[in-house]
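Undergrad:
Protein chains in written order, with the working numbering: chain C, 57 to 209; chain Y, 297 to 456.
#1: Between which two residues does the alpha helix (DSSP H) holding residue 74 (chain C) run?
#2: Just checking: is the beta-carbon of residue 399 (chain Y) within a distance shorter than 8 Å of some beta-carbon in chain C?
#3: Give the straight-line distance between the Cα atoms of residue 61 (chain C) and residue 447 (chain Y), rounded to the nearest whole angstrom.
#4: Is there a C-beta anywhere in chain C that falls below 8 Å from the one on residue 365 (chain Y)?
#5: Thinking C-beta only, is residue 411 (chain Y) closer than 8 Å to residue 427 (chain Y)?
#6: Which of the three DSSP states, helix, strand or coil, is assigned to residue 161 (chain C)?
#7: Apart from the five residues just before and just after residue 394 (chain Y), which ones in its own chain have a Cβ nearer than 7 Å to its Cβ?
#8: By the criterion of Cβ-Cβ separation under 8 Å, what are the contact partners of residue 413 (chain Y) in chain C?
#9: Identify whether residue 182 (chain C) lies in helix, strand or coil by the three-state DSSP scheme.
#10: Would you please state the rounded distance, in angstroms, between the beta carbons of residue 402 (chain Y) and residue 172 (chain C)? I believe it to be under 8 Å.
#11: Per DSSP, what are the beta-bridge partners of residue 298 (chain Y) in this structure?
#12: Alpha helix (DSSP H) containing residue 118 (chain C): first to last residue?
#13: Using a C-beta to C-beta distance shorter than 9 Å, which residues of chain C count as neighbours of residue 449 (chain Y)?
#14: Can you give the beta carbon distance from residue 444 (chain Y) to residue 208 (chain C), rounded, assuming they're within the 8 Å contact cut?
#15: Going by DSSP, what residues sit across from residue 140 (chain C) in a beta bridge?
#16: Between residue 442 (chain Y) and chain C, is any beta-carbon pair separated by less than 8 Å?
#17: Would you call the region 154 to 162 of chain C in contact with the region 196 to 203 of chain C, where contact means no fewer than 3 C-beta pairs closer than 8 Å?
#18: So is residue 97 (chain C) in contact with chain Y if we call contact Cβ pairs under 8 Å?
#19: Looking only at its chain, what residues have a beta carbon closer than 7 Å to the beta carbon of residue 249 (chain Y), apart from the 5 residues adjacent to it on each side?
#20: Taking the runs of the beta strand (DSSP E) that are 3 residues or longer, which of them lie wholly in the region 339 to 393 of chain Y?
#21: Under 8 Å: do the region 102 to 122 of chain C and the region 140 to 154 of chain C share three or more Cβ pairs, one atom per stretch?
#22: Evaluate residue 317 (chain Y) with the Cβ neighbour count: other Cβ atoms within 10 Å of its Cβ, from every protein chain shown; 16 or more gives buried, anything less gives exposed.
#23: Which residues of chain Y have a Cβ atom closer than 8 Å to the Cβ of residue 76 (chain C), listed in chain order?
#24: What are the residues of the region 135 to 163 of chain C that lie near chain Y, defined by any Cβ-Cβ distance shorter than 9 Å?
#25: In whole angstroms, what is the alpha-carbon distance linking residue 105 (chain C) and residue 325 (chain Y)?
#26: Using the beta-carbon of each residue, which ones in chain C are nearer than 7 Å to residue 445 (chain Y)?
#27: Name the two residues that bound the continuous beta strand (DSSP E) containing residue 91 (chain C).
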């Protein structure tokens with residue numbers, strides 16, 4: 057009988073609704089050794105690590121993304137997660153890149169907030185995620201290989 | 297008490313706040329109003345507010361409220377639904393520079409069509425909808441029925 061160790065899982069999302077959705081995965085956070093990562097905002101979102109808040113309309117997007125990549129590398133080296141789970145948005149990119157390089161698996165859950173169309177991050181992550189979950193059946197047409205999981209709430 | 301929550305996005309939602317302000321000033325709303333205004337730039341004169349609320353204090357306001365007026369964000373809507381509140385959802389619109397696009401319409405449509413919330417598109421409808429809860433309250437309960445936790449758990453366990 058093998059006595060296997062549960063793999064470490066890194067949970068990452070932007071603040072607000074994305075983080076609310078991430079927190080719905082609490083049963084998983086309790087089941088596996090877990091690390092949580094979110095954005096630094098003026099609200100104290102309880103997580104292990106906080107990244108710079110940015111978005112595609114931010115003029116400093118590239119610079120902040122680069123700084124976040126450096127921060128992500130530090131976190132990655134320290135924690136060595138085997139899985140990355142994200143509910144969006146672009147904050148996941150540095151971790152997805154590191155997962156691809158090191159052979160860790162990426163699980164991406166497209167947000168509950170979009171019923172009929174893709175998010176920018178979802179469209180990118182659909183190509184790279186090892187498991188891509190949608191919360192609306194209406195999205196199956198645009199993400200044919202996605203797994204329909206119903207509402208995260 | 298009416299609790300207004302406008303999320304954390306880096307966009308204003310001034311038209312809702314200014315409308316509430318004039319309704320209170322005109323004594324058309326006579327119960328206490330508290331608002332979490334986020335990045336709005338309008339300063340309410342006739343009701344108390346804060347920019348952001350810590351999660352547990354936010355939850356306290358949700359529990360205390362009779363009506364929750366929210367932008368079309370999923371977190372706020374679902375929290376209010378779980379607390380069985382009367383909910384008005386006002387989608388943020390790109391044309392009013394309240395978001396980068398109109399995606400909040402999708403989620404508000406879903407919750408409205410399924411009878412979980414009442415919807416307000418233009419702020420001149422707000423008072424009528426607030427008053428409408430007296431005659432036709434929302435009674436439908438929301439329960440999630442997804443299995444995302446199991447799907448992820450199965451996937452992780454299948455990778456060894």
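Glycine included, C-beta positions come from ideal geometry on N, C-alpha and C.
TA: In short, the structure shows the following:
#1: The residue labelled residue 74 (chain C) in the question sits at position 18 within the first chain. For residue 74 (chain C), the enclosing alpha helix (DSSP H) covers residues 73 to 79.
#2: Counted from its first residue, the second chain places residue 399 (chain Y) at position 103. Residue 399 (chain Y) counts as touching chain C.
#3: As a position in the first chain, residue 61 (chain C) is number 5, starting the count at 1. As a position in the second chain, residue 447 (chain Y) is number 151, starting the count at 1. Whole-angstrom Cα-Cα distance: 20 Å.
#4: Residue 365 (chain Y) sits at position 69 when you count from the first residue of the second chain. It does not: the Cβ of residue 365 (chain Y) has no partner Cβ on chain C nearer than 8 Å.
#5: In the second chain, counting from the first residue as 1, residue 427 (chain Y) sits at position 131. In the second chain, counting from the first residue as 1, residue 411 (chain Y) sits at position 115. The answer is no: Cβ separation not under 8 Å.
#6: Residue 161 (chain C) sits at position 105 when you count from the first residue of the first chain. Strand at residue 161 (chain C).
#7: Here residue 394 (chain Y) corresponds to residue number 98 of the second chain, with the count starting at 1. 307, 308, 309 and 388.
#8: For the purposes of this step, residue 413 (chain Y) is taken as residue 117 along the second chain, with counting starting at 1. Those within 8 Å of residue 413 (chain Y) in chain C number zero; the least Cβ separation is about 14 Å.
#9: To locate residue 182 (chain C), count along the first chain from 1; it is residue 126. Per DSSP, reduced to three states, the secondary structure at residue 182 (chain C) is helical.
#10: Translated into positions along the second chain, residue 402 (chain Y) becomes position 106. Translated into positions along the first chain, residue 172 (chain C) becomes position 116. Between residue 172 (chain C) and residue 402 (chain Y) the Cβ distance is about 6 Å, and since that is below 8 Å, they are a contact.
#11: Along the second chain, one-based indexing puts residue 298 (chain Y) at 2. Beta-bridge analysis with DSSP links residue 298 (chain Y) to Y:329 and Y:363.
#12: Indexing the first chain from 1 puts residue 118 (chain C) at position 62. Bounds of the alpha helix (DSSP H) holding residue 118 (chain C) are 117 to 135.
#13: The residue you call residue 449 (chain Y) lines up with position 153 of the second chain. Those are 83, 84, 87 and 88, listed as they occur along chain C.
#14: Counted from its first residue, the second chain places residue 444 (chain Y) at position 148. Counted from its first residue, the first chain places residue 208 (chain C) at position 152. Yes, residue 444 (chain Y) and residue 208 (chain C) are in contact; Cβ-Cβ is about 5 Å, under 8 Å.
#15: Numbered from its first residue, the first chain carries residue 140 (chain C) at position 84. For residue 140 (chain C), the beta-bridge partners assigned by DSSP are C:66 and C:162.
#16: Sequence index remark: in the second chain, residue 442 (chain Y) carries index 146 (1-based). Residue 442 (chain Y) counts as touching chain C.
#17: With the cut-off at 8 Å, the region 154 to 162 of chain C and the region 196 to 203 of chain C do not touch.
#18: One-based indexing of the first chain puts residue 97 (chain C) at position 41. For residue 97 (chain C), the answer is yes, since a Cβ of chain Y falls inside 8 Å of its Cβ.
#19: As shown, chain Y starts at 297 and ends at 456. That puts residue 249 (chain Y) outside it, with no answer to give.
#20: Counting only runs of 3 or more, we get 344 to 346, 363 to 367 and 382 to 386.
#21: A contact exists between the region 102 to 122 of chain C and the region 140 to 154 of chain C.
#22: The residue labelled residue 317 (chain Y) in the question sits at position 21 within the second chain. Per the 10 Å Cβ criterion, buried.
#23: The residue you call residue 76 (chain C) lines up with position 20 of the first chain. Those are 370, 371, 374 and 375, listed as they occur along chain Y.
#24: Taken in chain order, the members of the region 135 to 163 of chain C whose beta-carbon sits within less than 9 Å of a beta-carbon on chain Y are 138, 139, 141, 161 and 163.
#25: The sequence position of residue 105 (chain C) within the first chain is 49, counting from 1. The sequence position of residue 325 (chain Y) within the second chain is 29, counting from 1. When rounded, the distance between both Cα atoms is 43 Å.
#26: Stepping through the second chain from its first residue, residue 445 (chain Y) is reached at position 149. Within chain C, the residues near residue 445 (chain Y) are 81, 83 and 84.
#27: Position 35 of the first chain, counting from 1, holds the residue named residue 91 (chain C). From DSSP, the beta strand (DSSP E) with residue 91 (chain C) extends over 90 to 95.
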